[in-house]
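These notes are about the structure you will find just below.
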Amino acid sequence: MCLHGQGGYSKATGPRGERTREQDRQRVPTAADPCAGLHLIGLSSRAAGGIATVVLADCGADVINVEPPGGDPARRLPSAPMWLRGKRSVIPDLAGPSGQEVLHRLVLCGGDVVVASYGPGAARARRADYETLAALNPALVYCSVTAGGHALPRGLPGRRGAGCRQAQTGVGVRK
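Below is the structure:
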């Protein structure tokens, strides 16, 4: 499984303004696509990493989403089609060696950028951390998009749910 092949994103739209899967397959990158030839590997769930990678897909990058077994749980959210469009998906189990091998082959076969939303411990456990992946591809750009950064204290009493993270990171909305 390598990244090279047809990628990018169709400029034409389907009946409701969306880009169709068939149009994505037929897409031929043009000089107007500033990210044409860029190969991204998405290791993120929900909006933050999804929006970062969809913007690059809209600019011509080839994006492969690496989703957990059963698919990304965020697919059930009403806004998910907005950040999942224009991407291909693979569903390896990164908890085991065979799934990690799939990810490592993607990185070895030309992955230019990884966008990950794992915390440092979770990324290391999946062998999807910067150190492991950069050893396979030294030119790799690794973008880590986490809810609370890498230095936020963990395991404090009462730290449950997104509300606490939003307050700690300054994105909470005051009512």
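If you're matching positions, the sequence shown starts at 1227 in this note's numbering and goes up one per residue. The C-beta atom is built at its ideal place from N, Cα and C for all residues, glycine as well. Predicted model, so just to flag it, every value in this text is computed and none were measured.
With 16 as the cutoff for other CB atoms within 10 Å, does residue i come out buried or exposed?
{"i": "alanine 1283", "result": "buried"}
{"i": "glycine 1337", "result": "buried"}
{"i": "arginine 1352", "result": "buried"}
{"i": "glycine 1296", "result": "exposed"}
{"i": "cysteine 1261", "result": "buried"}
{"i": "alanine 1278", "result": "buried"}
{"i": "serine 1343", "result": "buried"}
{"i": "serine 1270", "result": "buried"}
Do you know offhand how far residue i's Cα is from residue j's?
{"i": "proline 1323", "j": "alanine 1349", "result": "14 Å"}
{"i": "histidine 1265", "j": "asparagine 1363", "result": "13 Å"}
{"i": "leucine 1329", "j": "alanine 1321", "result": "11 Å"}
{"i": "proline 1346", "j": "aspartate 1355", "result": "7 Å"}
{"i": "aspartate 1319", "j": "glycine 1325", "result": "5 Å"}
{"i": "arginine 1311", "j": "alanine 1258", "result": "19 Å"}
{"i": "alanine 1287", "j": "arginine 1302", "result": "25 Å"}
{"i": "alanine 1361", "j": "alanine 1300", "result": "30 Å"}
{"i": "aspartate 1298", "j": "glycine 1268", "result": "11 Å"}
{"i": "cysteine 1285", "j": "glutamate 1357", "result": "28 Å"}
{"i": "glycine 1263", "j": "serine 1305", "result": "28 Å"}
Name the residue from the options whose alpha carbon lies nearest to the alpha carbon of residue i.
{"i": "cysteine 1369", "options": "Thr1358, Val1340 and Leu1359", "result": "Val1340"}
{"i": "valine 1367", "options": "Val1333, Gly1345, Gly1347 and Met1308", "result": "Val1333"}
{"i": "valine 1280", "options": "Asp1259, Ala1258, Met1308 and Leu1269", "result": "Met1308"}
{"i": "glutamate 1327", "options": "Ala1287, Leu1359 and Gly1263", "result": "Leu1359"}
Give me the DSSP bridge partner(s) of residue i.
{"i": "isoleucine 1277", "result": "In DSSP, isoleucine 1277 forms no bridge with anything."}
{"i": "isoleucine 1267", "result": "Ile1290 and Val1340"}
{"i": "tyrosine 1368", "result": "Val1340"}
{"i": "serine 1315", "result": "Asn1291"}
Three or more C-beta pairs closer than 8 Å, one from the segment 1312 to 1330 and one from the segment 1282 to 1302: is that the case here? yes
Is the segment 1355 to 1372 touching the segment 1269 to 1278 in the sense that three or more CB pairs, one from each, lie closer than 8 Å? yes
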